[in-house]
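Numbering (the working numbering), first residue to last: 153 to 462.
One structure is given below, encoded as structure tokens.
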């Protein structure tokens, strides 16, 4: 009976927070909330999934973070709370801050290109008292140092995307992306952002800031292939990489099933996929079949890429 009451109480609390969220979004602006992953300043936007999840469910991808870090610790022989997470596509800091606040990592390097997200990242670092252990960097990540076009999602702060071509140039003329478009991306407002290779970003940091990177967390909305091309020195260390695999986004960023599979096979030897609540290792040459499993209609999943010793 006690468990039934607890479940009922949690369900009621979620319903109350859902109603509160709807009311709060009508006022607009920003809201500050406390969660087990830390305190966050969020946009009060009913369509923003990260904000909705943190406000209503008091967490965002908490189980994924816990499961992925359990795997990383097992593979690397680490104790909880050790090492640095390199967070590429840091958004408001939910991964960087969350992994530190929950005792998974000791430090973070948080890389985010979009100005509004970056400003919230800075505020959230300060809000959680983590200025001494989180290094924020305003930059996109690409295969080379460059200026990128960043298309801004009007409803999802986690879905701003780098375009591989100038917006006035037809993508098929440049042969740099698929012409598929399911979410009206061509109508988005576009800004320019500076980008650098992941190896270049790390080279620009003080040794103390970049020491002991135990995991790389990558969520760049389909631009993962370009990120991977720019980090050979980092990948050679064997650090595990948690990454979103989103075939639709990868296609729009210029990757094909075959080119993505060849790219990751040249870096890693295994890919860990969540099956029935646990990570299962597959040989890296299974990535094309995982792509097919997800399809190119918009489905995605998070995996862990690893490299065998030697």
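For every residue, glycine included, the Cβ atom is placed at its ideal position computed from N, Cα and C.
Separation of residue j from residue i, as counted between CA atoms
i           : j           : result
residue 422 : residue 431 : 12 Å
residue 472 : residue 234 : The structure shown does not extend to residue 472, since the chain spans only 153 to 462, so no value can be given for it.
residue 447 : residue 284 : 42 Å
residue 485 : residue 371 : No answer is possible for residue 485: it lies beyond the span of the chain, which begins at 153 and ends at 462.
residue 361 : residue 164 : 43 Å
residue 277 : residue 364 : 20 Å
residue 229 : residue 437 : 26 Å
residue 412 : residue 403 : 9 Å
residue 467 : residue 174 : As shown, the chain starts at 153 and ends at 462. That puts residue 467 outside it, with no answer to give.
residue 245 : residue 186 : 14 Å
residue 444 : residue 400 : 11 Å
residue 162 : residue 172 : 15 Å
residue 381 : residue 451 : 23 Å
residue 322 : residue 316 : Note that residue 322 has pLDDT 39, beneath the 50 cutoff, so the model's placement of it is unreliable and the number below is only indicative. If you take the alpha carbons of residue 322 and residue 316, they lie about 11 Å apart.
residue 343 : residue 304 : 8 Å
residue 397 : residue 425 : 10 Å
residue 258 : residue 251 : 8 Å
residue 309 : residue 300 : 18 Å
residue 254 : residue 248 : 10 Å
residue 260 : residue 239 : 7 Å
residue 195 : residue 385 : 37 Å
residue 160 : residue 354 : 48 Å
residue 302 : residue 267 : 11 Å
residue 158 : residue 189 : 21 Å
residue 237 : residue 154 : 39 Å
residue 454 : residue 337 : 23 Å
residue 208 : residue 334 : 28 Å
residue 434 : residue 348 : 31 Å
residue 418 : residue 288 : 30 Å
residue 152 : residue 169 : With the chain represented from 153 up to 462, any question about residue 152 goes unanswered, as that position is not in the structure.
residue 275 : residue 340 : 26 Å
residue 358 : residue 387 : 19 Å
Under the three-state DSSP convention, the category residue i falls into
i           : result
residue 358 : coil
residue 194 : strand
residue 307 : coil
residue 370 : strand
residue 363 : coil
residue 189 : coil
residue 332 : coil
residue 213 : coil
residue 313 : strand
residue 322 : Because residue 322 sits at a pLDDT of 39, beneath the cut-off of 50, its placement in the model cannot be relied upon, and the point is left open.
residue 327 : Because residue 327 sits at a pLDDT of 44, beneath the cut-off of 50, its placement in the model cannot be relied upon, and the point is left open.
residue 222 : helix
residue 341 : strand
residue 230 : coil
Assumed close pair residue i, residue j - CB separation to whole angstroms, cut-off 8 Å
i           : j           : result
residue 295 : residue 314 : 11 Å between Cβ atoms; not a contact.
residue 456 : residue 393 : 7 Å
residue 395 : residue 376 : 5 Å
residue 352 : residue 297 : 6 Å
residue 227 : residue 389 : Contact flag wrong, Cβ pair sits at about 13 Å.
residue 191 : residue 280 : 6 Å
residue 242 : residue 273 : 6 Å
residue 286 : residue 271 : Not a contact, Cβ separation roughly 15 Å.
residue 460 : residue 307 : Rounded, the Cβ-Cβ distance is 41 Å, inconsistent with contact.
residue 470 : residue 224 : Past the boundaries of the shown model lies residue 470; the chain is included only from 153 to 462, so the question cannot be answered.
residue 373 : residue 312 : 7 Å
Neighbour flag for residue i against chain C, beta carbons, 8 Å
i           : result
residue 367 : Here there is only one protein chain, and chain C is not present.
Any non-hydrogen atom of the ligand HEM closer than 7 Å to residue i Cβ
i           : result
residue 205 : This structure lacks the ligand HEM; in fact it carries no ligand of any kind.
Residue(s) in a DSSP beta bridge with residue i
i           : result
residue 457 : 393 and 423
residue 169 : Residue 169 is not bridged to any residue.
residue 182 : 195
residue 353 : Answer is none; residue 353 lacks a bridge partner.
residue 160 : Paired residue(s): none; residue 160 is not in a bridge.
residue 348 : 293
At what residue ranges does the segment 232-304 contain a whole run of the beta strand (DSSP E), taking only runs of 3 or more?
As far as the segment 232-304 is concerned, its whole beta strand (DSSP E) runs of at least 3 residues are 236-240, 259-263, 286-289 and 298-304.
Which runs of the beta strand (DSSP E) at least 3 residues long sit entirely within the segment 374-449? Give them in chain order.
393-397, 422-427 and 430-435
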